[in-house]
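A.B. asks: Take a look at the following structure, please.
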Amino acid sequence: MIDKQPTERESLEIITSMINRTKDRYMLGDGNILLIWGYLTVAVTALVWILLALTHNNAVNWLWFLIWIVGGLATIRITRKHDIRKGMKSYSDKLVSRLWTAAGCSGFAMTALCLGFAFSGIDSWSAMFVFALIVIPLAEIAQGIIIDERSFIFGGFTGLAIGFFTVCCIAGHIVLYANWYLPLFIIAFVCMMVIPGHILNYKARHQK
Amino acid sequence: MKELDPLLHSQLRLAIMSILMNVDEADFVYLKEKTESTAGNLSVQIDKLSSTGYITVEKGFVGKKTRTVCRITERGQDAFRNYVETLKQYLNL
């Protein structure tokens, strides 16, 4: 394109053409952040579950912090690379990014609160399951609505259903034993993050 | 009939503004690819739009390479909307 004065008709064509060229499309790697958090949560949960079964030592629960540390660092790195490769940020990218920032901040606040309780001798860590299976699924459903991706909505609702079940268990004083609750937690994250992440990458690879 | 904004009534500047109206931000490489323009020409037109206050330009570094990110301003959005309205009158749309 050169710097030439267009006719009125040409102006209209330029505007239409540019709008079409900037249409939001999936890009390969769009699902990677979801896959990292999904697989990481599944791996750490499985590790905690196995170690609890083998050692019966509650100290292995500190391993949960690996999710925050590894996931947080990976997210910063992947997001930066992805933004540069994409070359632009759409309004929906901005909205989704703010949504997950809000979810992440509330997660840190919740963790800090649970740590505070722990140092006071009160075990409130089951509240983190509620966070993981209420706040995260809600954010995912919202993202699914924004980017019009059904797998996010279905995955989010599956996680949310398990979250509601968790809340009912806690309210009903049912102990969340590792041998049945952790497998359920793994299923929730596979449905919420692993499957939608792969679907998104598949769509990016096969879109015309 | 109102006159078309001379700053927007140019192929490349109009293309840049149309893209920036549709996205939150776009970098130089993206704009160059979508407008199919040369780096030199694109750079001149970005400077013109920026000096009028229609867009903001942020220069940063990614590793050792520079990355120029452009965003449309409110003034730029108003100018673009007015341009489209005037264009509609010209074309009897």
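Same order as they appear, the protein sequences are chains A and B. Quick note: the first sequence uses this note's numbering, first residue 33, plus one each step. Quick note: the second sequence uses this note's numbering, first residue 123, plus one each step. For glycine and all other residues, C-beta sits at the position ideal for the given N, C-alpha and C. A quick note: this is a predicted structure, and the numbers were derived from the prediction, not measured.
1. I'd like to check one pair, A/S156 with A/F149: are the Cβ atoms closer than 8 angstroms?
2. Is B/D127 near the ligand GTP, in the sense that its beta carbon is under 7 angstroms from a heavy atom of that ligand?
3. Hey, does B/E147 have any beta-carbon neighbour from chain A nearer than 8 angstroms?
4. Nearest CA to the CA of A/R117: which residue from B/D200, B/N144 and B/E155?
5. Compare the Cα-Cα distances from A/G119 to each of B/D127, B/I141 and B/F150 and report the closest residue.
6. Counting only runs of 4+ residues fully inside the stretch 45 to 117 of chain A, write out the alpha helix (DSSP H) ranges in chain order.
7. Taking the beta strand (DSSP E) that B/E147 falls in, what are its first and last residues?
8. Leaving out five residues on either side along the sequence, give the residues of the same chain with a beta carbon under 7 angstroms from the beta carbon of B/A161.
9. Answer yes or no: does any C-beta atom of chain A fall closer than 8 angstroms to that of B/I168?
10. Quick check: the stretch 221 to 230 of chain A against the stretch 180 to 192 of chain A, are at least 3 beta-carbon pairs closer than 8 angstroms?
11. So is A/P228 buried or exposed if we call it buried at 16+ other beta carbons inside 10 Å?
12. Just reading off the alpha helix (DSSP H) that A/V162 is part of, what are its end residues?
13. Hey, could you find the ends of the alpha helix (DSSP H) A/C200 is sitting in?
14. B/K124 to B/Y212, Cα distance in whole Å?
15. One question on the structure: do A/W81 and A/L214 come within less than 8 angstroms of each other, judged by their Cβ atoms?
16. Measure the C-alpha to C-alpha separation of A/P169 and A/T198 and round it to an integer number of angstroms.
C.D. replies: According to the structure shown:
1. Yes; because the gap between Cβ atoms is below 8 angstroms, this pair is in contact.
2. The ligand GTP is absent from the structure shown, which contains no ligand whatsoever.
3. The C-beta of B/E147 comes closer than 8 angstroms to at least one C-beta of chain A.
4. B/E155
5. When each option's Cα is compared against that of A/G119, the closest is B/F150.
6. 64 to 87
7. E147 to D149
8. Residues of the same chain with a CB within less than 7 angstroms of the CB of B/A161, apart from the 5 flanking positions on each side, are K154 in chain order.
9. no
10. yes
11. buried
12. S158 to V162
13. R182 to A203
14. Each residue's Cα considered, the two are about 9 angstroms apart.
15. It is a contact, given that the beta carbons lie within the stated cut-off.
16. C-alpha separation (whole angstroms): 13 angstroms.
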